[in-house]
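Asker: Mapping the sequence shown onto UniProt numbering, position 283 (from 1) lands on 283, and the numbers just tick up by one. This is the structure I want to talk about, given as structure tokens.
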Amino acid sequence: MASAEDSGAAAQRDLVCVTGGSGFIGSWLVRLLLDRGYTVHATVKNLSTSITYPSLSLSLLCAPDETERDCSCSRRISPPLADDEGETKHLQALDGADTRLRLFQMDLLDPASVRPAIEGARGVFHLASPFILQVEDPENELLEPAVKGTLNVLRAVKDCGIDRVVLMSSQAAMLPNPDWPADKVIDEDCWADVELLKKVQFWYSVSKTLAEKAAWDFAAKEGLQMAVLNPGMVLGPMLTPSVNASLQLLLQFLAGEKLGLDDIYIGCVDVRDVAHSLLVMYENSSAQGRHLCLESIERLVDFTNRLADLYPEHPVHRIREDKQGWVVRANDPSKKLIGLGVCFTPFDKTIRDTVDCLRSKGLI
1 MASAEDSGAA AQRDLVCVTG GSGFIGSWLV RLLLDRGYTV HATVKNLSTS
51 ITYPSLSLSL LCAPDETERD CSCSRRISPP LADDEGETKH LQALDGADTR
101 LRLFQMDLLD PASVRPAIEG ARGVFHLASP FILQVEDPEN ELLEPAVKGT
151 LNVLRAVKDC GIDRVVLMSS QAAMLPNPDW PADKVIDEDC WADVELLKKV
201 QFWYSVSKTL AEKAAWDFAA KEGLQMAVLN PGMVLGPMLT PSVNASLQLL
251 LQFLAGEKLG LDDIYIGCVD VRDVAHSLLV MYENSSAQGR HLCLESIERL
301 VDFTNRLADL YPEHPVHRIR EDKQGWVVRA NDPSKKLIGL GVCFTPFDKT
351 IRDTVDCLRS KGLI
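Rendered as structure tokens:
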């Protein structure tokens with residue numbers, strides 16, 4: 001396995017697969033891999049270049065004192081959330097894509113459609129997973145695709161004799177955890193309380209937690225070499241033609257909306273750092289287990305205050321009541337990644353680059 005510092009000739013010989021390759025994070029990872037000389041098989045839901053714009057309800061994130069009817073989150077959002085994985089033009093335009101990028105249409109729930117993209121690869125980055133904040137049928141819309149889809153990919157990895165797999169999980173698989181010591185900084189040993197998540201209907205967090213646990217069980221049983229990345233709220237400039245859910249949340253904050261993220265927010269991270277972390281974890285066989293991926297651990301009140309200070313011209317709602325006494329603030333919490341050589345982009349730069357990108361696309 002090539003080291004993070006040695007991404008020359010050895011890396012150029014590698015063929016790797018990226019599931020969810022046309023998404024917000026996946027696009028940056030594909031770009032980075034191509035820049036490093038890799039040949040990439042990237043999977044998408046639809047090879048068509050058309051973009052669909054479904055309506056999006058974020059009533060899940062309404063402030064506690066607001067009903068869904070009153071909360072501005074429940075109205076149709078403009079610009080709407082797009083199905084990024086149905087769009088491939090931005091991938092085909094990347095440097096090196098004409099000779100070293102091949103796109104595959106994949107249905108995670110169909111094992112027969114999973115294997116073609118993985119065959120012949122030396123490593124797999126599994127990023128594909130549904131990100132739906134408001135669901136009517138959690139089992140079929142989120143839980144089954146996340147868990148079964150992850151296992152279908154891992155079975156294909158095993159059957160194809162792949163050297164290494166890097167799995168994208170989330171900080172959502174770590175929180176909330178009422179049993180975590182109140183004076184201890186959150187780290188990789190922290191797991192979300194699934195029953196509590198079900199009770200408050202944070203179905204996305206349930207899906208990420210169950211999928212990661214199923215992956216670890218499978219890897220242990222089958223002897224797979226696997227590492228997992230657990231990023232916080234991912235922001236940064238986008239390569240995709242339309243906003244994803246996390247960027248939509250930033251737009252809502254800038255618009256002055258109140259979002260009830262007190263149970264799950266502990267910080268954000270730059271999408272470019274996430275992509276780099278995934279690559280570093282692949283190239284270093286010493287990267288084992290879970291890897292928290294955050295620039296710092298902070299509270300929602302910190303985020304809104306810093307955002308309001310950066311953009312006083314926007315009606316950012318400053319949180320007055322800090323409900324996150326359970327969050328122990330920390331600088332440089334991602335010690336495992338830092339030990340592998342990852343350097344994190346400062347908060348202010350990430351936010352400014354994100355907003356500049358959104359403005360350049362006419363979204364602000």
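Just so it is clear, CB atoms sit at the ideal spot from N, CA and C, and this is done for glycine as well.
(1) Looking at ARG164: is its Cβ nearer than 7 Å to the Cβ of GLY123?
(2) On the three-state DSSP scale, how would you describe CYS293?
(3) For my contact list, ASP262 and LYS184 are in at a C-beta cut-off of 8 Å; report their separation, rounded to the angstrom.
(4) With C-beta atoms as the reference, is PHE104 less than 7 Å away from VAL18?
(5) ALA182: buried (16+ other C-beta within 10 angstroms of its C-beta) or exposed?
(6) Mind checking who LEU250 pairs with in its DSSP beta bridge?
(7) Counting C-beta neighbours from all protein chains within 10 Å, is the total for VAL355 16 or more, i.e. buried, or is it exposed?
(8) Could you tell me which whole alpha helix (DSSP H) segments of length 4 or greater appear in the segment 220-271?
(9) Looking only at C-alpha atoms, which of ASN305, THR99, PHE202 and GLN92 sits nearest to ARG320?
(10) Please list, in chain order, all residues of the same chain as ASP70 whose beta carbon is under 7 Å from its beta carbon, the five residues on each side excluded.
(11) Give the single residue among LEU101, LYS335, PHE253 and GLY260 whose Cα lies nearest to the Cα of HIS314.
(12) Going by CA-CA distance only, name the one from LEU292, ARG329, CYS357 and ILE364 that's closest to PHE344.
(13) Tell me the rounded alpha-carbon separation between LYS349 and LEU310.
(14) What does the Cβ neighbour count give for GLY149, buried or exposed, with the cut at 16 atoms within 10 Å?
(15) Excluding the five sequence neighbours on either side, which residues of its own chain have a C-beta within less than 8 Å of the C-beta of SER205, listed in chain order?
(16) Within 10 angstroms of its Cβ, does GLY362 collect 16 or more other Cβ (buried), or is it exposed?
(17) Could you check where the alpha helix (DSSP H) with ARG115 kicks off and where it finishes?
(18) According to the neighbour-count rule (16 or more other Cβ atoms, all chains shown, within 10 Å of its Cβ), is GLN201 buried or exposed?
(19) What are the uninterrupted segments assigned as alpha helix (DSSP H) that are 4 or more residues long and contained completely in the segment 135-203, given in chain order?
(20) Are GLY267 and GLY236 close, meaning C-beta to C-beta below 7 Å?
(21) Select from ASP14, LEU15 and ARG31 the residue whose C-alpha is nearest the C-alpha of HIS276.
(22) For CYS17, which of helix, strand or coil comes out of DSSP?
(23) Using the beta-carbon count (16 or more within 10 Å), is THR99 buried or exposed?
(24) DSSP state of HIS90, grouped into three classes?
(25) Quick check on the burial criterion: 16 or more other C-beta atoms within 10 angstroms. Buried or exposed for GLY21?
Answerer: Checking against the coordinates, here is how it stands:
(1) The residue given as residue 164 occupies position 164 in the sequence shown. The residue given as residue 123 occupies position 123 in the sequence shown. In this structure, GLY123 lies closer than 7 Å to ARG164 by Cβ.
(2) Residue numbering aside, residue 293 sits at position 293 when the sequence shown is read from its first letter. Reduced to three states, the DSSP call for CYS293 is strand.
(3) The count along the sequence shown starts at 1 and reaches residue 262 at position 262. The count along the sequence shown starts at 1 and reaches residue 184 at position 184. The pair is not a contact, with the Cβ atoms about 19 Å apart (cut-off 8 Å).
(4) Indexing the sequence shown from 1 puts residue 104 at position 104. Indexing the sequence shown from 1 puts residue 18 at position 18. In this structure, VAL18 does not lie closer than 7 Å to PHE104 by Cβ.
(5) Within the sequence shown, residue 182 is the residue found at index 182, counting from 1. Within a 10 Å sphere around the beta-carbon of ALA182 sit fewer than 16 other beta-carbons, which makes this residue exposed.
(6) Working through the sequence shown from its first residue, we reach residue 250 at position 250. Answer by DSSP bridge pairing: none, since LEU250 is not bridged.
(7) In the sequence shown, counting from the first residue as 1, residue 355 sits at position 355. So VAL355 counts as buried.
(8) 245-254
(9) Here residue 320 refers to the residue found at position 320 of the sequence shown. When each option's Cα is compared against that of ARG320, the closest is ASN305.
(10) As a working note, residue 70 is residue 70 in the sequence shown. Caution applies to ASP70, whose pLDDT of 34 falls short of 50 and renders its modelled position unreliable; the value that the coordinates give is listed next. The answer is none, since no qualifying residue turns up.
(11) Taking the sequence shown and counting its residues from 1, the one referred to as residue 314 is at position 314. Cα-wise, what sits closest to HIS314 is PHE253.
(12) By one-based count along the sequence shown, residue 344 stands at place 344. Per the Cα distances, LEU292.
(13) The residue you call residue 349 lines up with position 349 of the sequence shown. The residue you call residue 310 lines up with position 310 of the sequence shown. Going by the C-alpha atoms only, they are around 10 Å apart.
(14) Numbered from 1 along the sequence shown, position 149 holds the residue referred to as residue 149. The residue in question, GLY149, is buried, as its Cβ has 16 or more Cβ neighbours within 10 Å.
(15) Counting from 1 along the sequence shown, the entry for residue 205 is found at position 205. Excluding residues within five positions, the ones whose Cβ falls inside 8 Å are SER170, ALA172, ALA173, LEU175, ALA192, LEU197 and ILE264.
(16) Counted from its first residue, the sequence shown places residue 362 at position 362. Burial call: exposed.
(17) Taking the first residue of the sequence shown as position 1, residue 115 is located at position 115. From DSSP, the alpha helix (DSSP H) with ARG115 extends over 111-118.
(18) Numbered from 1 along the sequence shown, position 201 holds the residue referred to as residue 201. So GLN201 ends up on the exposed side.
(19) Uninterrupted alpha helix (DSSP H) stretches at least 4 residues long and entirely within the segment 135-203 occur at 144-159 and 194-199, given in chain order.
(20) Mapped onto the sequence shown, residue 267 falls at position 267. Mapped onto the sequence shown, residue 236 falls at position 236. Taking a C-beta distance under 7 Å as the contact criterion, GLY267 and GLY236 do not qualify as a contact pair.
(21) Position 276 of the sequence shown, counted from the first residue, corresponds to residue 276. HIS276 has its Cα closest to that of ARG31, out of ASP14, LEU15 and ARG31.
(22) For this step, residue 17 is matched to residue 17 along the sequence shown. It is a strand residue.
(23) Start at 1 with the first residue of the sequence shown, and residue 99 comes out as number 99. With fewer than 16 other Cβ atoms within 10 Å, it is exposed.
(24) The residue labelled residue 90 in the question sits at position 90 within the sequence shown. Correct three-state label for HIS90: helix.
(25) Sequence index remark: in the sequence shown, residue 21 carries index 21 (1-based). Classification of GLY21: buried, given that the 10 Å Cβ count is 16 or more.
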